[in-house]
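Single-structure report; data block below.
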Amino acid sequence: MNQPTLYSKRLILQPAQSEDAVSLQALWSRPEVRRYLFDNKDVSLQLAESVLNSALDCASSGYGMWLIYQPHQTELLGCIGLMPAETAAQYEPTLAGLLEPIVALAVEHWHKGYANEALAKVLTYAFETLEQPSLCAVNDVPNVASERMLKKIGFTIVSEVQGPEYKLRTYLLQRDKSSAI
Ligand SMILES: CC(C)(COP(=O)(O)OP(=O)(O)OC[C@H]1O[C@@H](n2cnc3c(N)ncnc32)[C@H](O)[C@@H]1OP(=O)(O)O)[C@@H](O)C(=O)NCCC(=O)NCCS
């Protein structure tokens with residue numbers, strides 16, 4: 017199945033296209049976004065294209081990357097990915113084979129509940145339509161915003177392991193334990 021457009025109360029989640037690389041590079045280059053998502057490294061266009069291409073490779077399986085907009089607006093609020101947890105599984109092998117949601121919003125749109133809303137939509141889609149029995153998540157331990165977002169929606173901690181830059185906290189959410197569906 018192809019990756020669909022998803023709609024929530026205030027947001028439209030639009031499947032990413034290859035021409036979105038420049039917009040995503042601009043989002044991912046924001047200091048508050050790249051701090052943990054890219055271990056604070058520069059996000060070149062080449063890196064953005066490479067991440068985007070990995071997401072586009074998943075689109076025919078129904079997941080990948082969505083761009084987050086408000087209806088009838090062209091401003092990019094952020095993005096949400098649903099991708100195999102390949103990098104995380106290098107540090108926590110029990111995550112291998114699971115899909116992992118990752119949310120990033122432009123800082124002026126933090127604290128409006130948008131991450132929670134977009135994540136809830138993608139979790140419902142992953143559990144109900146893709147029939148995933150469970151999903152995983154990972155954050156750098158100092159990333160308090162991500163931790164609160166994940167716990168609020170029901171993810172529970174699996175482990176803490178040493179990551180490339182910071183300690184990583186890993187999480188699981190099972191379909192039958194999710195309040196998102
Ligand atoms: C993580 C992120 C998506 C949260 O976005 P958001 O829209 O502000 O989150 P929401 O408004 O839906 O709030 C979710 C919870 O996170 C909390 N939160 C959000 N930003 C926070 C911050 N800077 N510090 C502490 N808590 C924060 C909210 O208070 C809320 O919890 P609560 O209702 O228990 O108070 C956003 O901070 C971001 O884009 N960060 C940069 C990218 C990133 O690191 N992503 C995570 C990768 S795993």
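Be aware that the sequence shown starts at 17, since it is given in my numbering, and climbs by one per residue.
Glycine is no exception: its CB is placed at the ideal position from the N, C-alpha and C atoms.
Nothing here was measured: the structure is a model prediction, and the numbers come from that model.
Assuming residue i contacts residue j (C-beta within less than 8 Å), just tell me the rounded distance between them.
i           : j          : result
cysteine 95 : leucine 83 : 5 Å
tyrosine 52 : serine 162 : 7 Å
tyrosine 85 : leucine 27 : 7 Å
serine 34   : leucine 72 : 6 Å
What are the boundary residues of the alpha helix (DSSP H) that residue i is part of?
i          : result
valine 119 : Where valine 119 is concerned, there is no enclosing alpha helix (DSSP H), although the beta strand (DSSP E) it sits in stretches over 115-121.
serine 66  : 61-74
Helix, strand or coil, according to DSSP, for residue i in the structure here?
i             : result
glutamate 102 : helix
valine 157    : coil
tyrosine 130  : helix
leucine 92    : coil
The beta strand (DSSP E) spanning residue i covers which residue range?
i             : result
glycine 80    : 80-85
lysine 183    : 183-190
threonine 172 : 172-178
Determine the direct distance from the alpha carbon of residue j to that of residue i, and round the result to whole angstroms.
i                 : j              : result
proline 158       : glutamate 48   : 13 Å
asparagine 132    : isoleucine 169 : 7 Å
asparagine 69     : aspartate 192  : 32 Å
leucine 184       : alanine 105    : 11 Å
valine 119        : glutamine 178  : 22 Å
phenylalanine 171 : valine 38      : 32 Å
At 4 residues or longer, and completely inside the region 17-54: list those alpha helix (DSSP H) runs for me, N to C. Within the region 17-54, the complete alpha helix (DSSP H) runs of at least 4 residues are 37-45, 47-53.
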